[in-house]
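**Student:**
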Amino acid sequence: MKSKLIESRYRLAKWSVAWVLTTALVTFGSQFLWESQIITVLTIILSLAVGVGMVMANRNFVNEGDELQRKIQLESMGLTLGLSVVVGIAYAQLDTTDLIGQDAEISFLVLFMGLIYILCVYFNARKYS
């Protein structure tokens, strides 16, 4: 069971790195490597496909865990989703009401989500261990 979970975690890590790389390719490739919209669209399609692979790898990782691991992941994902919606809407409202001096950028919300998820997994794992 443990080796299967390690293999699943490794597979998820590979898909996650691949998705980050394809996302970077779309962002920086369209700025520095090419000017073709066709190439940009193709790399976006590639990034979407790799992203779906990452989501499926994440699903498999959760499903292959034991009951405790599933509980930790489910609680962490639920808290991350809820906080991301609440904070994301507040952040957008700060922008639309001109209470912040810059445009609300999705990258800040993605960073927030990642940090919250990591913290939730850490604290939930400590809580249930």
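Per numbering that gives the first Met the number 0, residue 0 is the first one in the sequence shown, and the count goes up by one each step. From the three backbone atoms N, C-alpha and C, an ideal C-beta is built for every residue, glycine too. If you're wondering where the values come from, they're calculated on a predicted model, not measured in any experiment.
Go ahead and label F107 buried or exposed: buried means 16 or more other beta carbons lie within 10 angstroms of its beta carbon, across all protein chains shown.
**Tutor:** The residue labelled residue 107 in the question sits at position 108 within the sequence shown. Classification of F107: exposed, given that the 10 Å Cβ count is below 16.
**Student:** Going by alpha carbons, who is nearest to I198 out of N123, E63, T95, V86?
**Tutor:** Nothing about residue 198 can be reported from this structure: the residues present for the chain run from 0 to 128 only.
**Student:** Consult DSSP for Q101 and reduce its assignment to one of helix, strand or coil.
**Tutor:** Reading the sequence shown from its first residue, position 102 is the one you call residue 101. It is coil, neither helix nor strand.
**Student:** Going by C-alpha distance, which of Q30, G28, R8 is nearest N57?
**Tutor:** Locating residue 57 in the sequence shown gives position 58, counting from the first residue. When only C-alpha atoms are compared, the closest one is R8.
**Student:** In three-state DSSP terms, what is S75?
**Tutor:** Here residue 75 refers to the residue found at position 76 of the sequence shown. Note: S75 maps to helix in three-state DSSP.
**Student:** How would you write the range of the alpha helix (DSSP H) that W14 sits in, first residue to last?
**Tutor:** Here the question's residue 14 lines up with position 15 in the sequence shown. Its alpha helix (DSSP H) spans residues 1-27.
**Student:** Taking K13 as the reference, which of F27, V49, L45 has the closest Cα?
**Tutor:** Sequence index remark: in the sequence shown, residue 13 carries index 14 (1-based). For K13, the nearest C-alpha among the options comes from V49.
**Student:** Determine the DSSP secondary structure at G52, reduced to helix, strand or coil.
**Tutor:** What you label residue 52 is simply residue 53 of the sequence shown in a count that begins at 1. Reduced to three states, the DSSP call for G52 is helix.
**Student:** Whole angstroms is fine: what's the gap from D102's alpha carbon to D65's?
**Tutor:** By one-based count along the sequence shown, residue 102 stands at place 103. By one-based count along the sequence shown, residue 65 stands at place 66. In a straight line, the C-alpha of D102 is about 43 Å away from that of D65.
**Student:** By the three-class DSSP mapping on this structure, what secondary structure does T39 have?
**Tutor:** Counted from its first residue, the sequence shown places residue 39 at position 40. It is helical.
**Student:** Using 10 angstroms around the beta-carbon of M55, count the other beta-carbons present and answer buried if the total reaches 16, otherwise exposed.
**Tutor:** The residue given as residue 55 occupies position 56 in the sequence shown. With fewer than 16 Cβ atoms within 10 Å of its Cβ, M55 is classed as exposed.
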